[in-house]
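Mapping the sequence shown onto the numbering used here, position 30 (from 1) lands on 62, and the numbers just tick up by one. C-beta atoms are modelled at their ideal positions from N, C-alpha and C, and glycine is treated no differently.
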Amino acid sequence: MTGLYRPRRAAEWATCAVAVLLVLLGLPLLIMGAELALLGGSFYYVLAGAAIIAGGVLMLMGSVSGALLYLLAWLLTWPWALWEVGFDGWGLLPRLLGPTLIAVLVVLTIPVLRRAQKTSLVRKGIA
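Printed below as a string of structure tokens:
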């Protein structure tokens, strides 16, 4: 994948919207996470922000690996959140609800990304 893929259908436009959302949400995590890390805080936000941005960019390129990268970051958020606040429901809610809702959206984009990736490979004569 050498560039952004061109959406044609509503599902492809929705996939692009989710990818842009990931990039926009990852930027403040990365930037403010770096500030927090410099103050002696957790590096989680820097790593999560970088993974979320990379996932969004890969999704904009039509790659399923972008969705899988976000889902990996989401999966690793769970043990971090449990380590951070334990099993306190109110403490877990802000750490897990938003990323989980976005994970649902990302999972819904996987079939669209697979189709886009397959179409791209066919055009290049690889598949």
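Burial of LEU61 is indicated by the presence of at least 16 other C-beta atoms within 10 angstroms of its C-beta. Distance from the CA atom of VAL50 to the CA atom of LEU70, rounded to whole angstroms, is 30 Å. The beta carbon of LEU104 is closer than 8 Å to those of ALA83 in its chain, skipping five residues each way along the sequence.
When C-alpha distances from VAL52 are compared across TYR76, LEU107 and GLY94, the shortest belongs to GLY94. Closest option to LEU101, judged by alpha-carbon separation, among ALA86, PRO111 and ARG147: ALA86. Scanning its chain for C-beta atoms nearer than 7 Å, with the 5 sequence neighbours on each side dropped, one finds around ILE142 the residues VAL96 and ALA99, in chain order.
Taken atom to atom, the span from the alpha-carbon of ALA135 to that of GLU67 is near 26 Å.
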